[in-house]
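Student: Take a look at the following structure, please.
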Amino acid sequence: MFKQLNHSDTGGLSSSEFANLYEVFALRWCPQQSRAPWYSASALEPLGRAAAAAVRWPYFEYLIYALIIGNGISMVLRVCEAAGDLQDSARLLCASWDTWLFLTLFLLEAGLRIMAMGLAAYLESGWNVFDLSVTLLALMGAVLLSIAPKLFIVVIFRPLRLMRLYKLKKRYRDVFGTLVLLSPLMSSAGCVMLVMYYFFAIVGMELFATYDLRNCCVNTTVEDFYKFSLNSSTPLGYYYLNNFENIVTSGVTLFELTVVNNWFILMNAYATVAGQFSRMYFMVFYLFTMVVLTIVVASVLEAFRFRIQYKRSTTKRDEEKLLHEEVHTNWEEAQRLGASGDLAEELRPYLPPGVRTHWFSLS
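As numbered in this note's numbering, residues 34 to 396 make up the sequence shown, in order.
What follows is the structure, encoded as structure tokens:
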């Protein structure tokens, strides 16, 4: 702490340096760890050095992006290929020979990075965690699709690797970084929306659960949307399914009202069967959703604007300085500054004689 305060290197603190005492007390100090690679002095050192050399190859990242693009092209070709039914199409897309080839190459890439960096350092990167997770999910999907062809929903896992291409452009990386920072806000907004849906669903069930909308609006402007017949049906005649019979159906109905899916058709139908005052329910719900969604959108736009301005005005080195402070010292200097007794015994393991030690503080 004294070294951090004594910027003038005079061996004593001036009044201005002493004024920063409380800020330094809030710092947590730790010695810098050895920078030797994890595989040093182990039986895996030859493999680790080879993997590190491969990862540091200037064209390694370009090769990985080429594999990702090739994976996308193969998926497009598989989609265009004729197949018997939906299950055959899913198997061609996510369980064919090219799928296993690219999955093997992606697993080999992850293995090389882990051997070069170590598992802990590999998992510190969010993109590495994303790549490994998506590859393992695609592998699991291919296995499940080979065992149970009816589980064609797993086809969504293979195209996810294409999102790695967003890393190529800095603006797209800022978008993903901002989304990660906004996840607590989005979670809170989601909770507010769920509570609001639950409230209006309960009110809607109390007001409209007894009304049947089939053939409810004869001689009105929305008559065609509610025509129902056991023998035939029209493409427009399925709006009667948007009702308030139970909590699940009410939630689906309110979601469709939120995305403005012809909300006036549903409002006019209930105004016909339940009275004109029922319009108030839909108008109040519409106003509530607009207020909540406006607040969410404003918060997202403000976060994006702040992050873009921050990235333009701050360098990587400035960010590192904000995160930690660095101090260099040794045993001889500690003794010269007055370290003795119990303090000297406590510092001795961290300050070997004749060796200059680097210390970092985490704020």
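Yeah, the Cβ is synthetic: ideal placement off N, Cα and C, and Gly gets one too.
What you are looking at is a predicted structure, and each value in this text was computed from that prediction instead of being measured.
1) Kindly indicate which three-state DSSP category ASN104 falls into: helix, strand or coil?
2) Quick one: residues in its chain with C-beta nearer than 8 Å to the C-beta of LEU269, no 5 flanking neighbours on either side, listed in chain order?
3) Return the CA-CA distance between GLY103 and PHE310, expressed in angstroms with no decimal places.
4) Going by the CB atoms, is the gap between MET150 and LEU80 shorter than 8 Å?
5) Spatial neighbours of LYS200 within its chain, please: CB distance less than 7 Å, with the 5 preceding and 5 following residues excluded, ordered by chain position.
6) My assumption, with CB atoms under 8 Å, is that ILE280 sits in contact with ALA234. Please give the rounded CB distance.
7) Using the rule of at least 16 other Cβ atoms within 10 Å of the residue's Cβ for burial, across every protein chain shown, is GLY144 buried or exposed?
8) Counting only runs that start and end within the segment 261-319, where is the beta strand (DSSP E) found for 3 or more residues in a row?
9) Decide if VAL285 is buried, meaning its Cβ has at least 16 other Cβ atoms within 10 Å, or exposed.
10) Might you give, ordered along the chain, the residues of its own chain that have their beta carbon closer than 8 Å to the beta carbon of LEU193, omitting 5 neighbours on each side?
11) From GLU114 to MET313, what does the alpha carbon distance come to, in whole angstroms?
12) Going by the beta-carbon positions, is the gap between PHE277 and GLY237 smaller than 8 Å?
13) How many angstroms separate the CA atom of LEU177 from the CA atom of VAL187?
14) Am I right that TYR398 and LEU299 are in contact with their C-beta atoms under 8 Å? What's the rounded C-beta distance?
Tutor: The answer reads as follows:
1) Taking the first residue of the sequence shown as 1, we reach residue 104 at position 71. In the structure shown, ASN104 sits in a helix (DSSP, three-state: H, G or I).
2) By one-based count along the sequence shown, residue 269 stands at place 236. Closer than 8 Å at the Cβ level, and outside the excluded window around LEU269, lie ASP257, PHE258 and LYS260.
3) Within the sequence shown, the letter at position 70 stands for residue 103. Within the sequence shown, the letter at position 277 stands for residue 310. If I take the Cα positions, the gap works out to 59 Å.
4) The sequence position of residue 80 within the sequence shown is 47, counting from 1. The sequence position of residue 150 within the sequence shown is 117, counting from 1. Going by C-beta atoms, LEU80 is not nearer than 8 Å to MET150.
5) For this step, residue 200 is matched to residue 167 along the sequence shown. If we look at LYS200 and ignore the five residues flanking it on each side, its Cβ neighbours are TRP160 and ARG206.
6) On the sequence shown, residue 280 is found 247 positions in, with the first residue counted as 1. On the sequence shown, residue 234 is found 201 positions in, with the first residue counted as 1. Yes, they are in contact, since the Cβ atoms of ILE280 and ALA234 sit about 6 Å apart, within 8 Å.
7) The residue given as residue 144 occupies position 111 in the sequence shown. Exposed, because fewer than 16 other Cβ atoms sit within 10 Å of the Cβ of GLY144.
8) none
9) For the purposes of this step, residue 285 is identified with residue 252 of the sequence shown, where counting begins at 1. That one is exposed.
10) Residue 193 sits at position 160 when you count from the first residue of the sequence shown. Correct list, in chain order: VAL167, LEU170 and ALA171.
11) Position 81 of the sequence shown, counted from the first residue, corresponds to residue 114. Position 280 of the sequence shown, counted from the first residue, corresponds to residue 313. If I take the Cα positions, the gap works out to 52 Å.
12) Counting from one through the sequence shown, the residue named residue 277 turns up at place 244. Counting from one through the sequence shown, the residue named residue 237 turns up at place 204. Going by C-beta atoms, PHE277 is nearer than 8 Å to GLY237.
13) Position 144 of the sequence shown holds residue 177. Position 154 of the sequence shown holds residue 187. Taking the straight line joining both Cα atoms gives about 8 Å.
14) Not covered by the structure: residue 398. The range shown for the chain is 34 to 396.
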